[in-house]
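Step one of this worksheet: look at the structure below.
In this note's numbering, the protein residues as written are 87 to 203.
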């Protein structure tokens with residue numbers, strides 16, 4: 087399986103998992119000129135921007151650690167674009183989660199990082 091297909095597989099796996107946890111999936115692979123967000127979901131009244139990170143094993147480190155400050159800023163800017171473009175406003179409760187997949191184990195870190203302007 088190539089990297090793109092592998093990424094899509096794990097993003098879909100996480101989306102299905104999140105559904106079992108009560109999330110409503112709104113978007114997969116949301117793209118705009120600024121960047122991309124793997125999953126956009128709702129949990130209750132909160133809009134959740136989810137970055138999915140996969141590792142076969144821990145030799146390359148914990149997948150959660152792969153979301154560095156630069157990536158957080160890019161996701162934050164893309165989320166701002168989404169809020170203005172798709173929702174028409176910025177005052178919607180939202181958070182940034184990281185879904186770390188190690189092998190076949192999924193760990194969702196809620197509020198993994200704060201919005202970075």
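Ideal Cβ positions, reconstructed from N, Cα and C, are used throughout, including at glycine.
Bear in mind that the values here come from a model prediction, so they are computed numbers and not experimental data.
Span separating the alpha-carbon of residue i from that of residue j
i, j, result
"residue 163", "residue 124", "14 Å"
"residue 44", "residue 192", "There is no way to answer for residue 44, as the model of the chain reaches only from 87 to 203."
"residue 88", "residue 189", "16 Å"
CB of residue i within 8 Å of CB of residue j, strictly
i, j, result
"residue 101", "residue 153", "no"
"residue 109", "residue 128", "yes"
"residue 96", "residue 138", "yes"
"residue 180", "residue 134", "yes"
When the options are compared against residue i, the one with the closest alpha-carbon
i, options, result
"residue 184", "126, 160, 150", "150"
"residue 122", "203, 166, 148, 173", "166"
Bridge-paired residues (DSSP) for residue i
i, result
"residue 110", "128"
Spatial neighbours of residue i in its chain, beta-carbon cut-off 6 Å, leaving aside the 5 residues before and after
i, result
"residue 171", "none"
Chain-order list of residues whose beta-carbon lies under 8 Å from that of residue i (same chain, five-residue window excluded)
i, result
"residue 118", "164, 167, 168, 171"
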